[in-house]
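See structure below.
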Ligand SMILES: Nc1ncnc2c1ncn2[C@@H]1O[C@H](COP(=O)(O)OP(=O)(O)O)[C@@H](O)[C@H]1O
Ligand SMILES: Nc1ncnc2c1ncn2[C@@H]1O[C@H](COP(=O)(O)OP(=O)(O)O)[C@@H](O)[C@H]1O
Ligand SMILES: [Mg+2]
Ligand SMILES: [Mg+2]
């Protein structure tokens, strides 16, 4: 479905199923950008690396790594060093995201200036 | 422009997707959120709420019930099987798995 | 003997809880077989086994006879032999079987599923307590991987996303192969009101409530299992879950079924 979308100026943000299954089944060049979300844990980084490899092999556009739930410099470094060849955007651990999730609302509607919201917002220009 | 969001379960794919879609929309872009998870919940992070997220029937269900996806244009699909989220984001859901398969 | 499988949204804590549960159950001197069918295996970490990506190889099965199951254990390999050969020995005497591997193809998991269902059917029913870790979401549970379980433990956090997945998982009771018991384990709760929120939404017995424990997240960053990483409240809560299960189900003799 994603690959059959007409090329318009519409921005399509596709939230895929966890893991790399969907990415493996996607036709080549189905997207212009792949965002790989990783937490600063070895298991999450490992999945991220696999996703990067599949996305590269299958030419799924530019790859950007999002280091999410980053609590400190050490967390940030853990992700950056694992993905040294890629652009890495850091999104901090943010109580607003946790609160939004518990309430079932968007973080944007709790606080559009929250640190995590602001960090994700920077992707607009980066992908732009 | 199409953006795929991937990662381990629980890494924050949906939170990032929802906030990113809203941010693009606030910057003036025309935005579609495409929920490809078999347990769709992007609606929550986009801000359409629990009930509307649940109500949004999966495209796959309805296509399986006889309608062919290629009989529709992309715009038709968004129209028929989508819902409006804040800031003008349009949300649609690809498929879901709710029930056990028979033996 | 109990066969319990943990399911829930991705990231809800299935691996952390199931691995810790398996080890604490094994510490009561019971034989425990831990079974990880997630294509992104997470149980090795929580058991404290330094392996990953070591699923049972494809050649454990051969094509089955016409009209039978698609794959059967290869000639000469029986259920006991399968466990002897492929279940990794871990801390506290737990044996660990891994079926998924995200590099492997979907067919690897399918072969694994056939191998495992035959092993479960043919193994000595009183040889093992089975503790399973299913992948996130509903896909695998609904497509037969949960058949071995007598108890499906749905791990749910106090969030609408997690509760939604948990609600769908309850539909497993519609299957003729449904686990007899479908129960809930609440995770990352910060108080009784979170537990109530989950039990009100799911209307299933909540057999355990695990608090948010920063030590678990911290240990995970270092690839250290909760039981090896100084997690306090988390481990206490899973220990209570073991006690709860011990008092509810007969763990020593398996009723024939
Ligand atoms: N930046 C962040 N700070 C704090 N918590 C976060 C952050 N991003 C995600 N989370 C939390 O992680 C959990 C999983 O997020 P979700 O977006 O549903 O992940 P996925 O779609 O990858 O399964 C949620 O409870 C959410 O609140
Ligand atoms: N009760 C808890 N308190 C704090 N962190 C937890 C708790 N349960 C799980 N976690 C953390 O949440 C993340 C996801 O847990 P994991 O067990 O891998 O989930 P799943 O197997 O359901 O995907 C891991 O980083 C883990 O350390
Ligand atoms: Mg998601
Ligand atoms: Mg897991």
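Residue numbers (our numbering), protein chains in the order written: chain A, 1 to 128; chain F, 129 to 231; chain R, 232 to 488. Idealized CB from N, CA, C, for every residue including glycine. Computed from a predicted model, the values in this text were never measured in an experiment.
Boundaries of the alpha helix (DSSP H) harbouring residue 202/F: 202-209, taken from the DSSP string. Membership of residue 477/R in the alpha helix (DSSP H) is indicated by the continuous run 464-479. For the region 336-357 of chain R, no residue has a beta-carbon sitting nearer than 9 Å to a beta-carbon of chain F. Scanning chain R for C-beta atoms nearer than 9 Å to the C-beta of residue 172/F yields 390, 391, 392, 395, reported in chain order. Within the chosen limit of 7 Å, ligand 2 reaches the beta carbon of residue 443/R through at least one heavy atom. In this structure, the C-beta of residue 245/R approaches ligand 4 to less than 7 Å from one of its heavy atoms.
In this structure, ligand 3 has a non-hydrogen atom nearer than 7 Å to the beta-carbon of residue 169/F. Per DSSP, residue 136/F lies in no beta strand (DSSP E) and is assigned neither H nor E. Checking the 7 Å criterion, the Cβ of residue 269/R is within range of a heavy atom belonging to ligand 4. Of all alpha-carbon atoms in 96/A, 94/A, 73/A, 23/A, the one lying nearest the alpha-carbon of residue 63/A is that of 23/A.
Judged by the Cβ position, residue 451/R qualifies as a neighbour of ligand 2 at the 7 Å threshold, a heavy atom of the ligand being closer than this. One alpha carbon belongs to residue 352/R, the other to residue 237/R, and they sit about 20 Å apart. Scanning its chain for C-beta atoms nearer than 6 Å, with the 5 sequence neighbours on each side dropped, one finds around residue 143/F the residues 173, in chain order. The Cβ atoms of residue 433/R and residue 399/R do not sit closer than 8 Å to each other. Legend: CB atoms of the region 272-289 of chain R lying less than 7 Å from CB atoms of chain F are not found in any residue.
Fewer than three pairs of CB atoms, one per stretch, sit closer than 8 Å, so the region 246-264 of chain R makes no contact with the region 369-380 of chain R. Put simply, the CB of residue 139/F is near chain R, with a gap under 8 Å to one of its CB atoms. Per DSSP, the continuous alpha helix (DSSP H) segment holding residue 48/A begins and ends at 42-57.
Taking C-beta atoms as the reference points, residue 350/R and residue 278/R fail to come closer than 8 Å. Out of 16/A, 52/A, 66/A, 25/A, the CA that lies nearest to the CA of residue 38/A is found in 66/A. Beta-bridge partners of residue 429/R (DSSP): none assigned.
Among the residues facing chain F, residue 16/A is included, as its CB has a counterpart in that chain under 8 Å away. In terms of Cβ geometry, residue 178/F and residue 391/R form a close pair [threshold 8 Å].
Taking a contact to require three or more Cβ pairs closer than 8 Å, the region 315-330 of chain R and the region 266-273 of chain R qualify as touching.
Taking 7 Å as the cut-off, the C-beta of residue 131/F does not count as close to any heavy atom of ligand 1. At a cut-off of 8 Å between beta-carbon atoms, residue 210/F makes no contact with chain A.
As for any beta strand (DSSP E) of minimum length 3 sitting wholly inside the region 349-374 of chain R, the runs are 360-364, ordered along the chain.
By the beta-carbon neighbour count (other beta carbons within 10 angstroms, threshold 16), residue 84/A is exposed.
Contact between residue 124/A and residue 151/F is confirmed by a C-beta separation of about 5 Å, below the 8 Å threshold. Distances from the CB of residue 44/A to the heavy atoms of ligand 1 are all 7 Å or more. Annotated as distal: residue 184/F and residue 2/A, with beta-carbon spacing of 8 Å or more. The Cβ atoms of residue 176/F and residue 211/F lie closer than 8 Å to each other.
Closer than 7 Å to some heavy atom of ligand 1: that describes the Cβ of residue 143/F. In the displayed model, residue 73/A falls within a helix according to three-state DSSP.
Taking 8 Å as the cut-off between beta carbons, the residues of the region 396-411 of chain R near chain F are 396, 399, 402, 403, 405, 406, 407, 408, 409, in sequence order.
Shown in chain order are the members of the region 38-72 of chain A whose Cβ falls below 7 Å from a Cβ of chain R: 40, 41, 42, 43, 47, 50.
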